[in-house]
Amino acid sequence: MKKRTLVWMMTAALTAGMLAGCSSQSGETTAAPQETVETEEILIAAAASLKNAFEEELIPMFQEQYPNIVVKGTYDSSGKLQTQIEEGLEADVFMSAATTQMDALNEEGLIASDTITDLLENKIVLIVPEGNEAGLSAFEDIADAASIALGDPASVPAGQYAQEALTSLGIWDSIQDKVSFGTNVTEVLNQVAAASADAGIVYATDAASMEDQVDVVAEAPEGSLKTKVIYPVAVVKNTAHEEAAQSLVDFLKTPEAMAVFEAYGFAAGSEG
Numbered sequence: 001m002k003k004r005t006l007v008w009m010m011t012a013a014l015t016a017g018m019l020a021g022c023s024s025q026s027g028e029t030t031a032a033p034q035e036t037v038e039t040e041e042i043l044i045a046a047a048a049s050l051k052n053a054f055e056e057e058l059i060p061m062f063q064e065q066y067p068n069i070v071v072k073g074t075y076d077s078s079g080k081l082q083t084q085i086e087e088g089l090e091a092d093v094f095m096s097a098a099t100t101q102m103d104a105l106n107e108e109g110l111i112a113s114d115t116i117t118d119l120l121e122n123k124i125v126l127i128v129p130e131g132n133e134a135g136l137s138a139f140e141d142i143a144d145a146a147s148i149a150l151g152d153p154a155s156v157p158a159g160q161y162a163q164e165a166l167t168s169l170g171i172w173d174s175i176q177d178k179v180s181f182g183t184n185v186t187e188v189l190n191q192v193a194a195a196s197a198d199a200g201i202v203y204a205t206d207a208a209s210m211e212d213q214v215d216v217v218a219e220a221p222e223g224s225l226k227t228k229v230i231y232p233v234a235v236v237k238n239t240a241h242e243e244a245a246q247s248l249v250d251f252l253k254t255p256e257a258m259a260v261f262e263a264y265g266f267a268a269g270s271e272g
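If you're matching positions, the sequence shown starts at 1 in full-length UniProt numbering and goes up one per residue.
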């Protein structure tokens, strides 16, 4: 009798344990492990005249489409950026304000050649402080300004274009004692906006960004430049983030991105 009672008690305890286990399993839901989305960061080295378009519109648009890619930007004269890339700047995408710097890096084997795209076109214009107190009315009138701000032709594409146009017009040499050279086009724009210079030459897009502080006198005359003002973009060779970098370059060629560039005053380049 005692043995039967003991067996019955053990059986009952085991059954109760099983039922409790089933009850626990049916009443509780085990949360599925969440996938961890890895993000990667890429750096675009872009001409100073592109900063507003990238920071205010394009980078946020791109990251909305590619939330796993974080884009950082560094902006300066194209010549300075070229030098930085040559010296080891770990940029993943390069966009310059002239083909000269892109071509130089490509010849040095630092650019993925098959990704180069002549994306945008710009114009260079003569600007004066708002109100145009100097009374300038034509591009050639820069010679009449008491003080002039230009980008340094040694590293600033806008300065190189200015030198080419003014040399073509026969007035480059005569204005040298009145010129202050800026390290990038934004510096030139700010000098004129602050009336620290009576006139300057910048991109049309730069002038449009400060239309309440500077007046555009004229564009560079037809024929004063041998080539158009082209902005190429490309993936930097040996980037550690090739796929992400290519995604950004491809995005910049989309109609949505081009509409943003056009809103900032750029025109489509030959491949834009």
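The C-beta atom is built at its ideal place from N, Cα and C for all residues, glycine as well.
Keep in mind that this is a model prediction, so the values were computed, not measured.
Could you compute how far the alpha carbon of residue i sits from the alpha carbon of residue j?
i           : j    : result
M258        : L248 : 13 Å
V202        : I124 : 5 Å
L6          : E38  : Confidence is the limiting factor: at L6 the pLDDT is only 45, short of 50, which leaves the residue's position unreliable and the question unanswerable from this model.
residue 274 : K72  : With the chain covering only 1 through 272, there is no way to say anything about residue 274.
H241        : E256 : 24 Å
D173        : P221 : 18 Å
S78         : D212 : 27 Å
N238        : L110 : 8 Å
L166        : E140 : 8 Å
L81         : A98  : 12 Å
I44         : G88  : 14 Å
K51         : Q101 : 18 Å
L120        : A268 : 5 Å
Please state whether the Cβ-Cβ distance between residue i and residue j is less than 8 Å.
i           : j    : result
I59         : A244 : no
I116        : A234 : yes
A48         : V192 : no
A146        : D198 : yes
S168        : S224 : yes
residue 301 : A138 : In the structure displayed, the chain extends from 1 to 272; residue 301 sits before or after that span and is not available.
G182        : G151 : yes
V179        : I148 : yes
G265        : A195 : no
What span of residues does the alpha helix (DSSP H) with residue i cover, start to end?
i    : result
F94  : Here F94 belongs to no alpha helix (DSSP H); instead the beta strand (DSSP E) covers V93 to M95.
S247 : E242 to L252
P157 : P157 to S168
A263 : P255 to A263
A193 : V185 to A193
At what residues does the beta strand (DSSP E) containing residue i begin and finish?
i    : result
V128 : I124 to P129
A199 : A199 to Y203
V229 : V229 to V235
Could you tell me which residues DSSP puts in a beta bridge with residue i?
i    : result
S180 : A149
A218 : L126
E121 : I230 and A267
* For the segment 40–111, list the alpha helix (DSSP H) runs that are entirely contained and at least 4 residues long, ordered along the chain. => 59–65, 78–86 and 99–107
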